[in-house]
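Mapping the sequence shown onto the numbering used here, position 245 (from 1) lands on 383, and the numbers just tick up by one.
We treat Cβ as the ideally placed atom computed from N, Cα and C, and that holds for glycine.
These figures come from a predicted structure and were not determined experimentally.
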Amino acid sequence: MSTTCGHSSTYVDCSRATANAVFVRPSPEERTLAMAKTGRLARGAYLSKEDAADNEYSFPGPLVLPGDHLTGQPEEQDQSFKDWFEMEATQQRNWILSRRNKLYVVRPPSMTRPSEEMRDWNKPVLPPDSPPGTERWNSTLKMFKQLIVYLRAFYNTMQITQYPKKISFLPIEQRKRVHFVDTPQTQVIGLKTRDRRKPFEIRYRPSPDGVSKIQLNVSDLRDALMRSIPSTVHSFVMIVDHDMYEDGEGAYVTARAWTSDGVATVSMFRYNPSLDGLAGIDPLHRWPASHCKANVDERFRVLNKTKGWKKRNRLSSKAFGKPPVKSALDLAIQAAKQAGQPSTREELSNQWFARVVFAVSREATHCFGLGNCTYYSCLMQGVSGIRQTGEIPPYLCQVCYSKLGWELVLLQHGFEGGIEREKTWLEAQYAALKAFCNKWNKIPQFAAFVAWLEKRLEDRKGDNDDAAWPSNQEASVIDWPKTIRDMVDIHREPAYNSGNQRKPPDTPGNNVEPIDQHSFTSKKILHQKFFIPTSSSGILLATVISTGSGFGFGADVVLPTPLCLYSPPVSPYKSSLSNLDISNSAPNIFKMVRKSLAVLATVAGASGFTLGPFGTQKPIGQNEHDFKCDLPPVLSPGNDGLPSASELFDSKDAFNKQVKRHQAIVRVPSICYDDLGDVDKDERWAPFYDLHDVLAKTHKYAKLEKINKFGLVYTFTGSDASLKPYLLAAHQDVVPVPDPSTWTHPPFDAYFDGEWLWGRGASDDKNSLTALMSAIETLLTETKWQPKRTVILAFGFDEECSGPRGAAKIGEFLTERYGDNGIPFILDEGGSGIQLIDDTLYVLPSVQEKGAIDIWAELRVKGGHSSIPHPHTGIGIMAEIISALESKPYEPAILKGSPVYNHLVCLARHSPDSHTKLHDLLKKDDLEKLKDELLHLDPMAKFTIQTTQAVDIIRGGQKINAMPEVVSLGVNYRVAPQDSLDKVQEQFVKNIDAVVQKYNLTLSAYEDDAKSQNIKPGFDYDGHLKLTAFRNSVTTPVSPTSGLIWDIFSGTIQHSFAFDGGKVVPVGEIMTGNTDTRHYLNLSPNIYRWTPSRQRGSENIHTVDERIRIESHVDIVKFYYDLIRNFDAADF
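Encoded structure:
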C-alpha cells in the first residue's frame, strides 16, 4: 500500500477492467438523452459557458475497477430519466405527495436488558496486532442530529426529522418464526417499538468472516420497519451499529433499500476505520483520489498477474490525463490532500461519521426509485464491498439529479417563475451542503466535497450569464439545472400561497400567473424540434386492442394523449382552473406514441364525413382547403354578474364539501357486469337505487326524470322557450373489481388521503357525474342564476357495457321530445387531455369515435379420447385461424380533412417550428409519406390510424383427457374511418379461407346479417365454423371545429386554460374507444367528448387503486360552471 502519491494524472473514464468485464458505458449522446424525461433530446438544443455534462473533470465516468460492482455485473440495466419516470408509481417509484413528504431517520436501537455479551455486539473483532482504533462510532444524539442536518441539505425542501418513537432491542426467549434458510447458529432477538406491545423477531448469526460477533438479518429489520412506518412518511431510514447480513447474499451487507416500500437500513459497522486494513482500503486513494491513474494502474497490474488480460486492454488517451488546474476534480483532490489523513481518535471517529453520512444519503435516494447509476461516477453507482463505497463521490450526476429534482423541486415554497424555482433549489442545495461540509473540513471527504461544490457553484454562476448563450447551435450536452429547467417538466402542482390556499385568479397581481417553470421568451432558449409526451395512462397496444370498457374517462378503451410537436421548455403553469398541470410535455418520440403521439395518429382516422358549421354532413375532402385553424375569441363568462369560479370553489370549505359529495357517490358499488339481465329481474342492479338516494340527498335541487328505471335525465328549463337546449352527459356505472384485496384502500370506501380520493369510479366516470351536479347546484343555491336556455343532464347506467339499456333508451326519450338535431351541443366524457408546445397549449377534445365490432367464431369438430388424438384438435385448428388473422393487419392511413390532418394544420400554423419535415409533407399534400413519417417516429402510432384487431377470448375443452368438441373465439375490432364494419366482416372470412379449406370445414358466416349472407366458402367441408358479428358502434361523423357552437366551446376552454405569455389552441381529436354519445348521434351534429382534467389528475382508471386528485376534480367543477354560464348567455 502506497504512503505518498501526487495524483498527477487521473482517470475520467472507465479503466482497463471494463473490456474484460464486457461493460459498455453509455455513449455521450445516450448520457444526454438519459437526462430527458422522454428519452429524446437534440444535442444542439442548448449551449452553456461550461458544458458541465461533457466536462469529465467535473463529472468523470465510472472507473469500473477490478472487484467493482460493474465488473461483476457488467450488464447492469441503465436507468435513464425516462425509465425512472415510467416506473409504476406506487409500486416502484415511491412518489412524494403533498401529504406524504417526510423522511424519518431512526437512531440506532438501544439495548434493553442486555447481557454482557450483547453489549459488545457492535464492536469489531480485530486481530491482536491491530493498531489502536475506534471501536464504535459515537452515535450520541448530538452526532445523530448532525446526520439529519446533512440530509436536510441534501434533500433540500423535504422534511427530514428523527423518528420520535423509541426503538430498542431486547432478549426474547421463544422463537415463533422459522425460516428455511436458517442454520443451527441462527438465533433471534426482539425489536420493540413504543407503540407495539410485542417485539418483532430479528434473526442474527455469527459473521462468516469473523469480523463481527453477530450480524442482524436485514430483511427482518425491513419487515419490522414496515410495521411502524406512518402514512405521512415518504421514506423511513434506520441506522444500526451492528453488522448485517442478507439471506444468500455473501458475508455481510452494509445497507439495503426497498424502493417500493420507502424503507432503508444502513449498518455503521463496516465503515469503522479500524477495519480498513482488513477490507484492503488504501487511505490515500479514497474519493476523489480514487481516480488517480497510478492507483488504477496498480490495481490493474496486480490483477494482470493472475488474469493475463494485458493485450486486451488498450485505452484511448482521453480516458485519463492531468486534471486541468482549478477543475472540480483537481480542486477536490488538492483539498483532500491538504486536509491530511485522519490519525487521532477524534479524526477517525469523524471520518467514520462522514462515511455513514454518505451511505445514508445513498440509500435514502434509492427510496425515490433511483437505481444504480451506470452513466457517471456518482453517489448512486452500484457498489461491491466496503472498499468501493469509499471510492465513489458524494454527489449525484446530472442524470440522477434530474430524477431527484423532479420529486423535490415542487416542495420549494416562496418562489415564482420557473427558472428561478429550479435555479434556487439546486443552488440552495449546493450552498447548504457546502456550509455543512465546511464545518467538517478537517476530514478529507468533506474537504474535497466543499471544493467540488464551490467549483460547481462558480460554474453555475457563469452558466446563468446571458452572454454564455451564443446564437449558434453546436452540439453540446447540458448541465443538470438546464436539464431540469428545460427538459424535465414537473408533474405536480406548484406550492400554493400561505395556508395552502390559492388566491382567486382575479386577485390583483394573481389573476393569470405566468408559466410556472419556464420562461418561453428567454434569450437562453434555442428552440429545437421535438415531440412531446403526456401522462395518459396505459400502454397503447394493450389498450387499443382491449375488448373491455376502459377509455380513460369512461369510454371503453384508454386513449393515449395525442402527438404534438415540441420545443424544449415545458412545465406546469397556473391558470384560472387553479393550477392546471400540463407537465408531461418534454422532448420524446417513443413515449409519445405509446402515450401521446398516438393521437397525432389518434386524430388520424377521420370518418368519411364531416359536419359543416350548421350541422350539414359533407364528405371529407370537400372543405379541407378551407380549414385554417382560426381561433375564435376567448369567451369569459364575467358579464353575467355571477361570482367567479375561483371565488366559489377555491376555499377550504368548498374543497371539503366537494370531497364529501364525491365520497358519497363513489361509495356506491354501481357496477355494470357484462352478463347483467333485465333491470326488473337481475338483483345486481340494486346498488343503483342506493346511488339515486345519494344523489337525491346531496343534490336536492335537481329535477329528475328516470328512463328505463335507472337512467337519469335532469332538465333545468330555461326562461326563453325559443332557445334550443344543450346536453351535458356522464355515466353512473363502473367496471367490476376482480380482487378487492389487491387495493391499497378498499375500492368502495372512497378513502381520502388529503390529496387523492381512492375508489372504483372515482375518476371514470363519477368524477364527471359529481362535478356536473355540483356545478349546477352551486349555480342554483349560491348565485342568482336563473337559466335562460334549457340545460339537460343525462346520466346513463351501463356505459361500461356499451349502453344498450341506459344511454340508448335516453337517446330515444330525448329524440321523441326534441327531435333529430334538436340539441345543438352535447358534451360527454373523454378527450385526450392537453399538451404544451413552446408557448402554445393544445387542448384536445375528441370530435370523432372509431367504430367497434366483435366477431365470434364457433368451431364444432369431432371429439374423442386424448390417448388417440386427431392430428389437430379443435383448439389447434382455431390456433391456425388466429394466426391467419394476425398475419394480415389492416393498413394505416391519414385522410385529408380528417381530425389528424386538421391537427397537423393547426400545428403548422401555431407551432411552425415544431417539426418542419411533417409540415413540408403537409404542404406537398403527400399523405402517404406523411403517414410514413408518423410511423417512423414510432411504429405504435399505427394503432390509432388503422383498424385494430385483438384476439381477446378463446374457450375450448372441458377435460384434460378429452379432445374439445366446441371451441369459440372472440375478436375485437376498432374500425378506422377508412374502413367499415362491412369490410371488417368480409375481410375476416377472406383471411381465414385457407384454414377453412385445409380442414374441410363448412362455414356459416353472419347468417343473421343480410349484407353478409352471400359470403360462401369455396368448398363443402366436414366440421363446422360459425361466424357471428356484434356491431357495437359505427365510426361516428366528425363534429365541426368551426362555427358558433365550436366558438363557444373553444372560447370557454381558452378562458379557463389561459396563461400569461402563451395561447390556448383547442384541437379536435379522434377517440379509439366509445362513449355513451354513440347513442346520441341523431340528436346533434355538435358532439364533443372531453373531461376537462389536468394531466396526472387521475390514476389507474379501470384497474387497481383507481383514484382522482381532488384538486383536479375541483378544476372540472369550475370548468362546467363557466361552460354553463357561457352557453346560457349565447345567442344561437
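Discussion item. To the nearest angstrom, how far is the alpha carbon of residue 310 from that of residue 400?
Written reply: Annotation: residue 310 to residue 400 spans about 28 Å, alpha carbon to alpha carbon.
Item to complete: Grab me the residues of residue 702's own chain with a C-beta within less than 6 Å of its C-beta, minus the 5 sequence neighbours each way, in chain order.
Response: Summary for residue 702: the model assigns pLDDT 33, below 50, so the residue's position carries little reliability; its value from the coordinates is reported in the next sentence. For residue 702, where only same-chain residues beyond five positions count, the Cβ hits under 6 Å are 670, 973, 975 and 980.
Practice prompt. Quick one: residues in its chain with C-beta nearer than 7 Å to the C-beta of residue 206, no 5 flanking neighbours on either side, listed in chain order?
Written response: Same-chain partners within the cutoff: 522 and 526.
Discussion item. So, for residue 917: in the same chain, excluding its five sequence neighbours on each side, which residues have a beta-carbon less than 6 Å away from its beta-carbon?
Written reply: Cβ within range, chain order: 923.
Practice prompt. Can you say whether residue 251 is buried or exposed, counting buried as having 16 or more other CB atoms within 10 angstroms of its CB?
Written response: Under this definition residue 251 is an exposed residue.
Practice prompt. For residue 366, I'd like the list of residues in its chain whose CB is within less than 6 Å of its CB, leaving aside the five on either flank, ordered along the chain.
Written response: Cβ-Cβ distances below 6 Å link residue 366 to 331 in the same chain, with the five nearest sequence neighbours on each side left out; the list follows chain order.
Item to complete: Would you kindly work out how many angstroms separate the C-alpha atoms of residue 1157 and residue 1111, rounded to a whole number?
Response: Only weak support exists for where residue 1157 lies, its pLDDT of 34 falling under 50; the value from the coordinates is given anyway. Their backbone Cα atoms lie some 28 Å apart in a straight line.
Discussion item. If I measure Cβ to Cβ from residue 595 and keep anything under 8 Å in the same chain, skipping five residues before and after, which residues do I get?
Written reply: Within its own chain, the residues whose Cβ lies closer than 8 Å to the Cβ of residue 595, once the five positions on either side in sequence are excluded, are 565, 568, 569 and 572, listed in chain order.
Discussion item. Between the alpha carbons of residue 835 and residue 1092, how many angstroms are there, rounded?
Written reply: In this structure, the straight-line span from the alpha carbon of residue 835 to that of residue 1092 is close to 45 Å.
Worksheet item: Does DSSP classify residue 351 as helix, strand or coil?
Response: Coil, per DSSP.
Worksheet item: Quick one: any contact between the region 1189-1196 and the region 769-777, if contact means 3 or more CB pairs under 8 Å?
Response: These segments touch.
Worksheet item: Taking buried to mean at least 16 other C-beta atoms within 10 Å of its own C-beta, is residue 162 buried or exposed?
Response: The residue in question, residue 162, is exposed, as its Cβ has fewer than 16 Cβ neighbours within 10 Å.
Fill in: Sheet register partners of residue 1127 (DSSP bridge)
Bridge partners of residue 1127: none, in fact.
Practice prompt. Mind reading off the beta-carbon distance from residue 586 to residue 497? Whole number of angstroms is fine, and I expect it under 8 Å.
Written response: No, residue 586 and residue 497 are not in contact; Cβ-Cβ is about 16 Å, not under 8 Å.
Worksheet entry | Reference residue 1002; option with closest CA among 281, 1100 and 204 | When only C-alpha atoms are compared, the closest one is 1100.
Worksheet entry | residue 859, buried or exposed, once every other Cβ within 10 Å from all chains shown has been counted against 16 | Burial call: exposed.
Worksheet entry | Other residues of its chain near residue 1168: CB distance less than 6 Å, five sequence neighbours each side excluded | In chain order, 992 place their CB closer than 6 Å to the CB of residue 1168, counting only its own chain and leaving out the 5 sequence neighbours on each side.
Worksheet entry | 8 Å Cβ cutoff met for residue 1226 and residue 984 | Yes. Within cutoff.
Discussion item. Is the separation between the beta-carbon of residue 580 and that of residue 492 shorter than 8 Å?
Written reply: The answer is no: Cβ separation not under 8 Å.
Item to complete: Return the bridge partner residues of residue 890 from the DSSP annotation.
Response: Beta-bridge pairing links residue 890 to 895.
Fill in: Those residues which DSSP pairs with residue 1066 across a bridge
Answer is none; residue 1066 lacks a bridge partner.
Worksheet item: Could you give the distance in angstroms between the alpha-carbon of residue 128 and the alpha-carbon of residue 1037?
Response: Residue coverage of the chain in this structure runs from 139 to 1270, which leaves residue 128 outside it and unanswerable.
Practice prompt. Classify residue 82 as helix, strand or coil using the three-state DSSP reduction.
Written response: Nothing can be reported for residue 82, as the shown portion of the chain is limited to 139 through 1270.
Practice prompt. Note down the Cα distance separating residue 920 from residue 764, rounded to an integer number of angstroms.
Written response: If I take the Cα positions, the gap works out to 44 Å.
Worksheet entry | Terminal residues of the beta strand (DSSP E) in which residue 972 lies | Element bounds for residue 972: 972-975.
Worksheet item: Given 8 Å as the limit, is there contact between the region 1036-1055 and the region 1134-1142, that is, 3 or more CB pairs closer than that?
Response: No, they do not touch.
Worksheet item: So residue 870 and residue 826 are in contact, right, with Cβ under 8 Å, and what is the actual spacing, rounded?
Response: Correct: roughly 7 Å between the Cβ atoms.
Practice prompt. Please determine, among 889, 868, 891 and 293, the residue with the shortest C-alpha to C-alpha distance to residue 1229.
Written response: Closest by alpha carbon: 868.
Discussion item. Suppose you measure from the CA of residue 165 to the CA of residue 540; what does that come to, to the nearest Å?
Written reply: Going from the Cα of residue 165 to the Cα of residue 540 covers about 18 Å.
Fill in: Whole-Å CB distance - residue 114 paired with residue 408, under 8 Å assumed
Shown here, the chain extends from 139 to 1270; a query on residue 114 therefore has no answer.
Item to complete: Quick one: grab the DSSP three-state call for residue 573.
Response: Residue 573: helix per DSSP, three-state reduction.
Discussion item. Strictly by DSSP, which residues pair up with residue 1204?
Written reply: Residue 1204 is bridged by DSSP to 981.
Fill in: Start-to-end residues for the alpha helix (DSSP H) that takes in residue 170
Unbroken alpha helix (DSSP H) run through residue 170: 166-171.
Worksheet item: Mind checking residue 355: buried by the 16 CB within 10 Å criterion, or exposed?
Response: It is buried - the Cβ of residue 355 has at least 16 other Cβ atoms within 10 Å.
Worksheet item: Between the region 1010-1028 and the region 1208-1227, do three or more beta carbon pairs fall short of 8 Å?
Response: Counting Cβ pairs under 8 Å, fewer than three are found: no touch.
Worksheet item: What is the DSSP secondary structure of residue 961, counted as helix, strand or coil?
Response: In the structure shown, residue 961 falls within a coil segment according to DSSP collapsed to helix, strand and coil.
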